[in-house]
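Here is the structure we will look at.
Protein chains in written order, with full-length UniProt numbering: chain A, 1 to 304; chain B, 1 to 373.
Quick look at the structure:
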């Protein structure tokens, strides 16, 4: 019981990070029908920006308390959002009228470009960061087994939930959100009715990148080791989460992220650590066989 | 990277000028040698060590007049510890007609690269690959200046069984040629000395979240973790174990000898044990070279001096055999020892392993490691 609870805590804090990144994949897909393969690398940019900010704050002796972490998040979000905007402007917008595969190839190219850019500018070695958020609570004790909930895990869950709450409000309650949903339903019609679709698509990328930056910062603070290549593995997992939850569906992305995190963790906990990815992908295959649009995805209606 | 491309361009340029292979082998141009290892990626810290060692050795040897009156020219190959990339790097280096490679680092890279070198007539001497298979498979061209995992595992297994009697031990490995090989050798030695492990598991390298594995060890009440694997993962596992309130001692192999381990593990690394050869920096034969490294602000930790020694041995053997024919040098290396190196005198057995390997235990304290006396 205590053991399962500990693994549940592990799984949720891992799944939350996947979920945050998955939202970025699903949002872009919903609006322009494209898989943004560079999104994992935008996440990596977010982690590096956070690292640079933290190092600057540490050298100034100002890395103290929740205020500093909030500052790190804000800096990382703004810089990464700028990257998200630039990526869309340079690599995707010129190809929007082109054939379907063109932006996809462009996205793969962008992913390689971002990786190499960070590799050259920041060096190829791993960048370690000492633990900056320490401590935790004893949740319960069963026999000799102590269930530990660390401060950073609480931080991950609470920051993720509040960011997602703001994001949900943005999509469902604001004019921008309405424009985004309109573009998602029918871009041409939305344009005819006066929605500035280019601006809406740009903002979608900006928001997606900002969410990825939050995930990148939390990932850095939690695990403390990053390199230019982290975007790949995490990106694949988050993409899987988006597909599992139903690509195009925002709650689906979060649900998918949590599920992937939990499946990985519980498979490692009760079966083999080595085959956890096999388990996660097997579940994905099963879900797609029986629910081709994912758990919360909507059936695509062919308009005639 | 810039440096690397410049070198490649230079190498390509001079290859065009000098043209045929015969001209290089017999001629008066530079003798091409290489070091290859993970210059990028997870384990780039070790690639940097090898590169520093090889560069210094080449500078020193060239400064003293070169080999047979010719200068040594160093190529650097990057395999990122990826077996597939190692094969293509080996082909590239062979294509550039290097006579000698000081590398690779990861056993998983050295073994497939070895076959390419053997076919292409290149001598290979690894400063770091400890998997027994590297030399056991009877290729003419393989040597190493480090020990073997069956020796390292025997030392580690016996130590654990002696010092941690009755404790609960977990043995983990990363499924790499090095990691699994070392973990299995340690397990064998430990079991033979009468201590059974409580948990034996493999993990996936390159990940960051090992919390599920850590909770599993916590539930099994593990007190000692033996890791057959590299420093990044070992550091993360230890850090997450302390975070979950575990009170464990981590024991690892020679892949932990980099300051990066401490940067990753942080204060959780205190008391970590590892096996490595007795500190080469403190040997009297190394004093002068170590001073030269320190003057350049390089700490010759880990494999720096091992790579230096590999290049030194090649230079000495080429000089003595009065040519750079790799096969002639290979047989001379086995029969003509001991070779005087920065590590002290080194002799090779018929397989190409060093005849007197030594493994001792080190402990991490306060950000640096020291031999346990």
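Ideal placement from N, C-alpha and C gives every residue a C-beta, glycine not left out.
Applying the criterion that 16 or more other CB atoms from any shown protein chain within 10 Å of the CB defines a buried residue, is residue i buried or exposed?
| i | result |
| --- | --- |
| residue 358 of chain B | exposed |
| residue 126 of chain B | buried |
| residue 216 of chain B | buried |
| residue 135 of chain B | buried |
| residue 162 of chain B | exposed |
| residue 393 of chain B | Limits of chain B in this structure are 1 at one end and 373 at the other, which puts residue 393 of chain B out of reach. |
| residue 197 of chain B | buried |
| residue 86 of chain A | exposed |
| residue 33 of chain B | buried |
| residue 185 of chain A | exposed |
| residue 2 of chain B | Its pLDDT being 49, under 50, residue 2 of chain B is placed unreliably in this model, and the coordinates cannot settle the point. |
| residue 105 of chain A | exposed |
| residue 98 of chain B | buried |
| residue 270 of chain A | exposed |
| residue 24 of chain B | Because residue 24 of chain B carries a pLDDT of 43, less than 50, the predicted location of this residue cannot be relied on, and no value is offered for it. |
| residue 62 of chain A | exposed |
| residue 27 of chain A | buried |
When DSSP builds the beta bridges, which residues end up paired with residue i?
| i | result |
| --- | --- |
| residue 185 of chain B | In DSSP, residue 185 of chain B forms no bridge with anything. |
| residue 344 of chain B | B/341 |
| residue 249 of chain B | B/224 |
| residue 128 of chain A | A/225 |
| residue 201 of chain B | B/172 |
| residue 232 of chain B | DSSP, once it has assigned bridges, lists no residue as partnering residue 232 of chain B. |
| residue 96 of chain B | Residue 96 of chain B pairs with nothing; no bridge assigned. |
Is any beta-carbon of chain A found at less than 7 Å from that of residue i?
| i | result |
| --- | --- |
| residue 333 of chain B | no |
| residue 245 of chain B | yes |
| residue 213 of chain B | yes |
| residue 263 of chain B | yes |
| residue 51 of chain B | no |
| residue 150 of chain B | no |
| residue 167 of chain B | no |
Check the Cβ-Cβ distances between residue i and every residue of chain B, and say whether any is below 7 Å.
| i | result |
| --- | --- |
| residue 271 of chain A | no |
| residue 115 of chain A | no |
| residue 94 of chain A | no |
| residue 265 of chain A | yes |
| residue 125 of chain A | yes |
| residue 171 of chain A | no |
| residue 14 of chain A | yes |
| residue 64 of chain A | no |
| residue 185 of chain A | no |
| residue 42 of chain A | no |
| residue 55 of chain A | no |
| residue 225 of chain A | yes |
Between residue i and residue j, what straight-line distance do the alpha-carbon atoms span, to the nearest angstrom?
| i | j | result |
| --- | --- | --- |
| residue 1 of chain A | residue 243 of chain B | 20 Å |
| residue 82 of chain A | residue 110 of chain A | 15 Å |
| residue 365 of chain B | residue 226 of chain A | 24 Å |
| residue 21 of chain B | residue 30 of chain B | Its pLDDT being 43, under 50, residue 21 of chain B is placed unreliably by the model, and the measurement read from it follows with that caveat. Distance between the alpha carbons of residue 21 of chain B and residue 30 of chain B: 13 Å. |
| residue 58 of chain A | residue 50 of chain A | 12 Å |
| residue 173 of chain A | residue 250 of chain A | 15 Å |
| residue 154 of chain A | residue 241 of chain A | 22 Å |
| residue 263 of chain B | residue 88 of chain B | 32 Å |
| residue 143 of chain B | residue 311 of chain B | 12 Å |
| residue 124 of chain B | residue 150 of chain B | 21 Å |
| residue 212 of chain B | residue 262 of chain A | 10 Å |
| residue 43 of chain A | residue 94 of chain B | 39 Å |
| residue 301 of chain B | residue 158 of chain A | 43 Å |
| residue 3 of chain A | residue 219 of chain B | 7 Å |
| residue 279 of chain B | residue 371 of chain B | 7 Å |
| residue 62 of chain B | residue 368 of chain B | 33 Å |
| residue 400 of chain B | residue 58 of chain B | Residue 400 of chain B is absent from the structure shown; chain B starts at 1 and stops at 373. |
Do you know whose CA, among the options, lies nearest residue i's CA?
| i | options | result |
| --- | --- | --- |
| residue 214 of chain A | A/261, A/274, A/71 | A/71 |
| residue 132 of chain A | B/304, B/339, B/266 | B/266 |
| residue 191 of chain B | B/112, B/279, B/156, B/55 | B/156 |
| residue 117 of chain B | B/106, B/108, B/101, B/229 | B/101 |
| residue 296 of chain B | B/112, B/353, B/56, B/261 | B/56 |
| residue 92 of chain A | A/38, A/135, A/65 | A/38 |
| residue 207 of chain A | A/112, A/168, A/149 | A/168 |
| residue 69 of chain A | A/152, A/233, A/263 | A/152 |
| residue 105 of chain B | B/320, B/172, B/36 | B/36 |
| residue 306 of chain B | B/66, B/327, B/276 | B/276 |
| residue 308 of chain B | B/342, B/361, B/299 | B/342 |
| residue 179 of chain B | B/130, B/288, B/214, B/335 | B/130 |
Just to check, is the beta-carbon of residue i closer than 6 Å to a non-hydrogen atom of the ligand PLP?
| i | result |
| --- | --- |
| residue 260 of chain A | Annotation note on the ligand PLP: not contained in the displayed structure, which lists no ligands. |
Residues of the stretch 309 to 325 of chain B in Cβ contact with chain C at a cutoff of 9 Å, in chain order, please.
Absent from the structure: chain C. Protein chains present are A and B.
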